[in-house]
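Student: In this note's numbering, the protein residues as written are 18 to 246. Would you mind keeping the following structure in view while I ask a few things?
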């Protein structure tokens, strides 16, 4: 009897988390991951134009990586420094280019996106306070389109950092529920998740024991004479 009461109480305690885990898991399994990531909204990157690039001016800083990319329809050097900084440079003369402004970020996002959806807002965030749906410590422009899609453009280099759709934000929210971490949505080892997972496991274990006991204690009816009418 005590074991049955414990099982009932555990059932009430873990019922809501089990519903959240199952529901969020079902959504994440059913949602097409390419649409979640906004792959259907990205236009194909054009090939690099035929140029003879001049190496970028590093201004005394040690470079970790150099990339020649097509950004906004034109060739651009992207310099990654060993100190973590990033800059862009003009391959025509190697000169470093200024940071990306709002109008240029809009043009880059427009070139990177399929269709002609209207841009409704352009907002900047700094590296110390990245938006929840970006979670990358880089200065960025969030170019928001009328359909809710956000194209994040690196404010230093003009690179497309991420595409965030409404479906992605639902997916991310349910992922946070799934791991019980709605603040960072990254900590899969948080104590709340571990505690409720342990309680759920304990509840299922007790339920299995009770089921076995019930089957064992069930009286046999085989071989007994039937009552006469």
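Where is the CB? At the ideal position from N, CA and C, for every residue including glycine.
For a test of the three-state rule: what should DSSP assign to residue 246, helix, strand or coil?
Tutor: The predicted position of residue 246 is uncertain, since its pLDDT is 45 and thus under 50; a value taken from the coordinates is nonetheless stated next. If DSSP states are grouped into helix, strand and coil, residue 246 belongs with coil.
Student: Hey, how far is the Cα of residue 72 from the Cα of residue 174?
Tutor: Using only the alpha carbons, I get a separation of about 16 Å.
Student: Suppose you measure from the CA of residue 189 to the CA of residue 155; what does that come to, to the nearest Å?
Tutor: Each residue's alpha carbon lies about 20 Å from the other.
Student: Excluding the 5 residues preceding and the 5 following residue 52 in the sequence, name in chain order all residues of the same chain whose CB lies nearer than 8 Å to its CB.
Tutor: Once the five neighbours on either side are set aside, the close Cβ partners of residue 52 are 182 and 184.
Student: To the nearest angstrom, report how far apart residue 37 and residue 194 are at their CA atoms.
Tutor: Distance between the alpha carbons of residue 37 and residue 194: 7 Å.
Student: State the DSSP-derived secondary structure class of residue 99, mapped to helix, strand or coil.
Tutor: Here residue 99 sits in coil by DSSP.
Student: DSSP state of residue 53, grouped into three classes?
Tutor: Residue 53 falls in the helix class under three-state DSSP.
Student: Which same chain residues end up closer than 8 Å to residue 143 when comparing Cβ atoms and leaving out the 5 residues on each side of it in sequence?
Tutor: The residues are 156.
Student: Once you ignore the five residues that flank residue 124 on each side, which residues in its own chain have a CB closer than 7 Å to its CB?
Tutor: Result list for residue 124: 89, in chain order.
Student: Taking the C-alpha atoms as reference points, what is the distance between residue 70 and residue 43?
Tutor: Using only the alpha carbons, I get a separation of about 50 Å.
Student: Shorter than 8 Å, the distance from the beta carbon of residue 42 to the closest heavy atom of the ligand HEM, or not?
Tutor: As far as ligands go, the structure on display features none, and thus does not contain the ligand HEM.
Student: Buried or exposed, going by whether 16 or more other CB atoms sit within 10 Å of the CB of residue 31?
Tutor: Buried, by the Cβ-count rule.
Student: Between residue 100 and residue 78, is the Cβ-Cβ spacing less than 9 Å?
Tutor: Yes. Within cutoff.
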